[in-house]
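Notes to accompany the following structure.
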Amino acid sequence: MRTPKAPPALARDAHKGDAGRVLIVAGSAMMPGAAILAGRGALRAGAGLLTIACQDRDLARVLPAAIPEATYLDIDGCAPSQLLAERSDHAIACGPGVGVSAGVRDLVDVLIREFSGPLVLDADALNALGPEPERLSDAVGELVLTPHPGEAARLLGREIGSAESDRRDAAMELARRAGAVVCLKGQGTVVTDGERIELNETGNPGLATAGSGDVLTGICVAYLAASRLHPSTEFDALCAARAAVHVHGLAGDLARDELGERAVTASDIVSYLPAAQEAHRAADAEGAG
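Residue numbers (the numbering used here): 615 to 903.
Dropping the structure here:
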C-alpha cells in the first residue's frame, strides 16, 4: 500500500476549535478503559476539543483523573435523542466498551439519523446492529466502521475466511451494504469504501492486545474531524481511515522495536503515536516531493 496522505497541517494561527471538536461515546462500569484509550488516542491524533459521553454516572465522575484534557457528558438516564442537543462536533465515535443494551441500539439509530458529520462505529455499536448493515445505508453523514472479523461476520450473517481474498470480499460486501467505509481489522487491515480498496502494511502481532482497537477508534475520529474541517479529495473519509490505520500500525511497530512484540499494550500504542505521526508526515512530504 502506498503511504496514505497525512492529515492537513494546522494554520499558524489555529485555535483548538480549528483542530477538531470530537465526541466519543464509550466506556461502562465494567469497561472504563475503553473510554480512556479511545480518548487518549483522539487527543494524541490531534483532536483539539474532546468530549467523552458516558452512560454510567460513576464513570463520568472518575474519568477526568485519567484524561484531564477532556470534557465529559453524563448521559446516564437521558433519552438518546438528547445526545446531540446544542452540540457542534466535527466527528463522533461510538461503541468502545458501551455494552449491547437496547439503549445502545437506540443511540446508534439517533446518530445515524441525525448527525450529519463523519461517524465512527466500533465494537458494541456494531454488535447492537445485528445482521442488518443495510440499516446504516440511510445515514445522513459519512460512516466509518471498524469491525474485527467476528463483528464483521455478525453484521454479514456469515463466516469470513482467513484468506486475504475472503477478507477483501467481506470488507467490500459490508462497505457496499452499509454505504460506509470499512476498516476490517487483522493482519493486513482492509480499508475500503466498496469501490476503492487498500491493504495496510504496518502493524505486527503485538497489536493483538486488549484496547488496541479502542485506540484506533480515537485516531480515526480525530482524523475524520480534520477531514470535515478541511474537505478535499486528497483527505476524504476513506483517506482519513487509511491514514488512521497506517499510523496505528506504525505506532505498534515502533512500540515493538523498543519493547518487544509480546510486551506491547494499547497504552504503548498511544505513547508512540507522536513518533509514528511524525514519520508518517515525513514520508507523505517525501512522496509529494
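By construction, the Cβ of each residue, glycine as well, lies at the ideal position given by its N, Cα and C atoms.
Which partner residues does Asp850 have in the DSSP bridge list?
DSSP, once it has assigned bridges, lists no residue as partnering Asp850.
Out of Ala699, Met645, Leu677 and Arg635, which has the shortest C-alpha to C-alpha gap to Gly709?
The shortest Cα separation from Gly709 among Ala699, Met645, Leu677 and Arg635 belongs to Met645.
Using alpha carbons as the reference points, say which of Leu887, Pro747, Leu757 and Ser776 lies closest to Leu735.
Leu757
Helix, strand or coil for Ala897? Go by DSSP, reduced to three states.
helix
For Ala794, which of Gly825, Leu740 and Ser715 has the nearest alpha-carbon?
Leu740
Got a sec, what are the start and stop residues for the alpha helix (DSSP H) Leu769 sits in?
Pro763 to Leu770
Identity of the residues DSSP links to Thr665 by a beta bridge:
Leu637 and Thr685
Just to confirm the assignment, what range does the alpha helix (DSSP H) spanning Glu787 have?
Glu778 to Ala792
Given 8 angstroms, three or more beta-carbon pairs between the segment 707-725 and the segment 830-837
Judged by Cβ distances under 8 angstroms, the segment 707-725 makes contact with the segment 830-837, as three or more pairs qualify.
Contact defined as beta carbons within less than 8 angstroms: I believe Gly901 pairs with Thr617. What is the distance between those atoms, to the nearest angstrom?
6 angstroms
Using 10 angstroms around the beta-carbon of Lys630, count the other beta-carbons present and answer buried if the total reaches 16, otherwise exposed.
exposed
Looking only at its own chain, which residues have a Cβ that is under 7 angstroms from the Cβ of Ala897, when we skip the five neighbours before and after it?
Thr617
Which one of Met786, Ala667, Val805 and Glu765 has the shortest CA to CA distance from Leu721?
Ala667
In the DSSP assignment, what are the bridge partners of Cys708?
Val639 and Leu735
Counting only the same chain and skipping the five closest in sequence on each side, list residues whose C-beta sits under 7 angstroms from that of Ala880.
Contacts found: Leu651, Thr823, Ala824, Gly825, Ser826, Asp828 and Val829.
Can you pull the DSSP bridge partners for Ile584?
This structure gives no information on residue 584, because the portion of the chain shown stretches from 615 to 903.
Name the residue from Ala684, Val639 and Ser846 whose alpha carbon lies nearest to the alpha carbon of Gly660.
For the residues Ala684, Val639 and Ser846, the minimum Cα distance to Gly660 belongs to Ala684.
Taking Cβ to Cβ, would you say Arg781 is nearer than 9 angstroms to Val804?
Result yes, Cβ atoms of Arg781 and Val804 sit closer than 9 angstroms.
For Gly820, tell me which candidate among Ser841, Asp850, Ser776 and Glu872 has the shortest Cα-Cα distance.
Glu872
The beta strand (DSSP E) that contains Cys797, what's its start and end?
Val795 to Leu798
Check whether the segment 724-734 and the segment 833-844 are in contact - that is, three or more C-beta pairs closer than 8 angstroms.
yes
Drop a sphere of 10 angstroms on the beta-carbon of Arg626, count the other beta-carbons inside from all chains shown, and report buried for 16 or more, exposed for fewer.
That one is exposed.
Looking only at its chain, what residues have a beta carbon closer than 7 angstroms to the beta carbon of Leu769, apart from the 5 residues adjacent to it on each side?
Leu740, Leu743, Pro745, Pro747, Pro761 and Leu788
Could you pull out every residue in the same chain whose Cβ sits closer than 6 angstroms to the Cβ of Leu887, ignoring the five residues on either side in sequence?
Arg658 and Ala865
Using beta-carbon positions only, say whether Val859 and His894 come within less than 9 angstroms of one another.
no
Beta-carbon proximity list for Pro694, same chain, < 8 angstroms, skipping 5 on both sides:
Excluding positions up to five away in sequence, the list reads Gly717, Asp720, Leu721, Asp723 and Val724.
Residue from Glu773, Asp783, Ala766 and Ala620 whose Cα sits closest to the Cα of Lys799:
Ala766
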